[in-house]
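Below you'll find the structure, written out as structure tokens, and then a few comments.
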Amino acid sequence: MATPYLVETKDLKKAYVTDAGAFEVLHGVNFTFREGEFTAIMGPSGSGKSTFMNILGCLDTPTSGVYSLLGQDVLTLSPNELARTRNLFLGFVFQGYNLLPKADLLENVGLPLLYARVGSAERKRRSLALLEKVGLGPWARHRPSQVSGGQQQRAAIARALASEPKLLLADEPTGNLDSQTSDDVMSLLISLNNEGASLILVTHEPDVAACAKRIVRFRDGLLVEDSPVLHRRAL
Ligand SMILES: Nc1ncnc2c1ncn2[C@@H]1O[C@H](COP(=O)(O)OP(=O)(O)OP(=O)(O)O)[C@@H](O)[C@H]1O
Ligand SMILES: [Mg+2]
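Just so you know, we're using numbering that gives the first Met the number 0 here: the sequence shown kicks off at 0 and counts up by one.
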């Protein structure tokens, strides 16, 4: 039997309310995603990719439609339950890394564990193991400004993994990186997916999308194409 969907959206719509009135940017998105998948979302600027990702990540709510995450209807959750769902099940990676500049990589990676009230020694142990997993063990005591952009992004990925999320969401994770460091980050994501991690990433770069197993395309607020990657890029 097929595994149940991790994510399912039906006729998902989102309108932003501005001074000029309500402005619909997602016009009814239908999307399903199973555990262990690796999907890249592509599409022109302004087509609604980040809006969709923010809804999947429970950072924003849709105007109408259905969003179910792990079989649970997200739209029925209170703001507190939504935050809890986010902390328990989701990991985020952003284009700008979003690391705390005054904390070292070990402390940055341990932040979700601090919020989860994991004690200091255990937090250190787990953060170091995560940094080692992404190849940054020797840089544990460096601050973000003391390592490269690719290393900062790998630390951000380690931080996203700290809470052992069911789904990792990455919005243009290689957007600030040159092609070599971008490949380092993608090679890490590929190996995480090989170990079973479920990944959805947004990218403008065909080379990055070709590392995924499936590509979904947005245009003008609609999902217009959904296809498997036939010739995956190996890194
Ligand atoms: N907070 C907001 N308030 C009003 N309009 C918004 C808001 N966020 C996004 N939009 C509008 O929604 C549309 C979709 O934006 P979105 O950021 O989802 O696009 P995107 O596909 O991620 O683009 P890019 O590739 O440039 O990141 C755009 O027209 C944008 O101007
Ligand atoms: Mg965007």
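All C-beta atoms in this analysis are idealised placements derived from N, C-alpha and C, irrespective of residue type, glycine included.
**Study point:** Within 8 Å, strictly: CB atoms of Val65 and Lys132
**Key:** no
Practice item. Grab the span of the alpha helix (DSSP H) containing Tyr114 for me, first residue to last. Key: Tyr114 -> alpha helix (DSSP H) spans Leu104 to Tyr114.
Review point. Would the C-beta of Phe217 count as close to ligand 1, meaning under 7 Å from any of its heavy atoms?
Key: yes
Check your understanding: For Asp206 versus Gln94, is the C-beta distance shorter than 8 Å?
Key -> Against a cut-off of 8 Å, the Cβ pair of Gln94 and Asp206 comes out as no contact.
Exercise for review: Could you have a look at Gln94 and say whether DSSP puts it in helix, strand or coil?
Suggested key: coil
Check your understanding: Does the Cβ-Cβ distance between Leu167 and Ala159 come in under 8 Å?
Key -> yes
Exercise for review: Compare the beta carbon distance of Arg153 and Leu98 with 8 Å and say whether it is the shorter of the two.
Suggested key: no
Point to revise | Span of the beta strand (DSSP E), counted from its first residue to its last, around Gly27 | key: Gly20 to Arg33
Review point. So, using beta-carbon positions, are Gly220 and Ser46 closer together than 8 Å?
Key: Yes; because the gap between Cβ atoms is below 8 Å, this pair is in contact.
Check your understanding: For the beta strand (DSSP E) that contains Glu7, what are its first and last residues?
Key -> Where Glu7 is concerned, the enclosing beta strand (DSSP E) stretches over Tyr4 to Thr17.
Exercise for review: Could you tell me whether any non-hydrogen atom of ligand 1 is closer than 7 Å to the CB of Lys9?
Suggested key: no
Review point. Nearest CA to the CA of Ser190: which residue from Ser119, Ala233 and Val117?
Key: Ala233
Review point. Which whole-angstrom value describes the C-beta separation of Glu204 and Val215, a residue pair presumed to lie in contact below a C-beta threshold of 8 Å?
Key: Glu204 to Val215, Cβ: 15 Å. No contact.
**Study point:** Val201 beta carbon near ligand 2 (any heavy atom closer than 7 Å)
**Key:** Result yes, Cβ under 7 Å from ligand 2.
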